Structure formats: C-alpha cells, structure tokens
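Here's the structure we're looking at; comments come further down.
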Amino acid sequence: MQAIAFHKLLLLLPLAFYQSTNGMEWNYLKNGKDWEDLCSSGKHQSPILLDSRTARKWVLPGITFWHYYRLLKRPFYIRNNGHSISLDIPVTSNGRKPFITGGRLKGRYYADGLHFHWGSYKSRGSEHLINKRRFDAEIHIVHRNEKYRNIAQAVRQKDGLAVVAIMVAIKDNAKSTPLSRLMEAVVRVPIEDSNATVFGQSSLDQLIGGVSHRDFFTYEGSLTTPLCDETVTWIVFTETTTVTMSSVSKFWLLRDHWGHRLINNYRIVQDLNNRTVFYKKRMS
Numbered sequence: 001m002q003a004i005a006f007h008k009l010l011l012l013l014p015l016a017f018y019q020s021t022n023g024m025e026w027n028y029l030k031n032g033k034d035w036e037d038l039c040s041s042g043k044h045q046s047p048i049l050l051d052s053r054t055a056r057k058w059v060l061p062g063i064t065f066w067h068y069y070r071l072l073k074r075p076f077y078i079r080n081n082g083h084s085i086s087l088d089i090p091v092t093s094n095g096r097k098p099f100i101t102g103g104r105l106k107g108r109y110y111a112d113g114l115h116f117h118w119g120s121y122k123s124r125g126s127e128h129l130i131n132k133r134r135f136d137a138e139i140h141i142v143h144r145n146e147k148y149r150n151i152a153q154a155v156r157q158k159d160g161l162a163v164v165a166i167m168v169a170i171k172d173n174a175k176s177t178p179l180s181r182l183m184e185a186v187v188r189v190p191i192e193d194s195n196a197t198v199f200g201q202s203s204l205d206q207l208i209g210g211v212s213h214r215d216f217f218t219y220e221g222s223l224t225t226p227l228c229d230e231t232v233t234w235i236v237f238t239e240t241t242t243v244t245m246s247s248v249s250k251f252w253l254l255r256d257h258w259g260h261r262l263i264n265n266y267r268i269v270q271d272l273n274n275r276t277v278f279y280k281k282r283m284s
C-alpha cells in the first residue's frame, strides 16, 4: 500500500510544480490583483479577453492532436492542491503519451497534466473571456515541449509550455460523460493535499467532452498562477463542453490552503499589450 501511495505522489509532482511558488503564499481573494513580481510587472500575462472580430484570422494549418482519441491506460489520480483540482495525464493503451503539434508550435508538446478553474453559486469562473462572455468553468491541459525533460525545466523556457483551454458551460439536460463523472468525484478530495483514484476508462478527448479542435484562438502568454511565467503558447477552443449544475457545484464544496471555500479560483483578464491574437475558424 505504501509503495502504491508513493507512486501516486511521484505522478503528481510534475503537475504540482507549475503551481508552486517557491514558498510564496497566495490566494484568489482579489483574483490576482495582489500578486507580485512578474504577475504584476509582466507584459505578456494571461488570461485575456478573446474577440473573434479583432483577432487576426489564421490561414495556416491547425493543431494536430496525437493519441487524444486512444483510451488512457490507467485510472486518474486527482489531487486538491489548495488552489485547484489537478491530475496527471497517463499514457494511452498503446503506451504513448498524448501530444500536440502544428499551429505556431515548433515540435511536439506532450500532455502532462490537467486542472480546473471555476466560480461559485454567485458567479461564473472561466479565466479567459470569449467575445466578452465568461463561462462557468475552464479546463487547462498543460503540455510540455519535448525538448525539456519535465515541467520544472520547461516552465523556465520561452517555448516551454503549451496550454489547451476548454470552456465549460452548465446545461440542464447535459449527458453523463467521463468529464462529468470526474467532476462529481472531486468531493473525494475536499481539503488541500487530499487525493483519490478515479476509476473508469476514457480517452483524453472524451475527458474534455469531445469538443471540436478546429476552431480556436492562439496567443503567447503566461501561466495564470504565481509565478506567472511568460512561457506559454495558449490554444483556447471556441466550442464549449457542457455539464450539469450538479457537476460544477461539486467544486464549490472544496476547501483551500486556509480551510476556506475554494471558489472563484480564476485570475482577472490582463492587458493585451500589443500582442497578436490569432483566430482559426473552420471553413464552412
């Protein structure tokens, strides 16, 4: 049993790193307004407001998602890290790690981890806004450039990370999916550093609701948590995945590092600062 627990911990360490802050304590009481250092001084910060009318239209090939459709080999190990719910991405049934290529990316970016941002019963909780709309929650899949051995190394490099973001919308009659079942399971990790195993097979594509990969925004930005490293190529899907209120509301029961309700764990939108946002839309 101890060996199994230690194995789970090792699997979660890479995901925990990019949310670590070298001992600095932080919270979402002001949704990031009080974060210091690069978080406040950086010029390529995330999230941002995405507007399909003003973004530059993307005419080059889109993103290719490799092994996203293959069943993942083992269950998910989920963890409450005091700021979000996170999980590592296991290899697929054929022993391969899901990865992405194409777009503005150079080389392969391997899917290492996934985490969530959400609101509360009073407010929606996505980090990015699309055409001025905030969604109920947002999923981030963190990908690491193949040039770097781990997240700890990649986060320090300008081309180190690519994050795929999926918007989550509440729908009364949404069907039960691997995503909704995962969200229902977060009640098993109610406090910081608690973890649980979520059984049931799915592919990474099924886990994010099977949303279309063809329409997306992409831009150069940062992590949305301290230390806010500006080493991220963002890929934000425009199609949403839907779940019920029951699924989303499970997040509102969780507790953060201080034992308070872990709600509204999203950062406010940041200035664009003359960056170019690209918009890829399928041809009708």
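Residue numbers for the sequence shown follow full-length UniProt numbering, so the first one is 1 and each next one is one higher.
No residue lacks a Cβ here, since even glycine has one placed at the ideal position from N, Cα and C.
Values in this document were obtained by computation on a predicted structure and should not be read as measured data.
- Following the DSSP letters along the chain, one finds D112 inside the beta strand (DSSP E) bounded by residues Y109 to W118.
- Between P98 and the set P90, H117 and R104, the nearest pair of CA atoms involves P90.
- Between the segment 181-201 and the segment 57-64 there are fewer than three C-beta pairs closer than 8 Å, too few to call the two in contact.
- Of the residues assessed, M183 falls on the buried side of the cut-off, its CB having 16 or more other CB atoms within 10 angstroms.
- When DSSP states are grouped into helix, strand and coil, R124 belongs to the coil group.
- For the options A137, H44, W234 and N81, the alpha carbon positioned closest to that of G259 is the one of N81.
- Nearest neighbour of F76 by Cα position, chosen from L114, Y109 and D229, turns out to be L114.
- Distance from the Cα of D205 is smallest, within the candidate group L179, S123, V189 and G95, for L179.
- The C-beta distance from D215 to R134 rounds to 19 Å, too long to meet the 8 Å contact threshold.
- DSSP, reduced to helix, strand and coil, places V187 within a helical segment of the structure shown.
- When rounded, the separation of the alpha-carbon atoms in S222 and F278 is 16 Å.
- N195 is bridged by DSSP to R79.
- Within the same chain, and ignoring the five residues on either side of R188 in sequence, the residues whose Cβ sits closer than 6 Å to its Cβ are A196.
- Separation of the CB atoms of E127 and E138 is rounded to 5 Å, and the pair is thereby assigned contact status at 8 Å.
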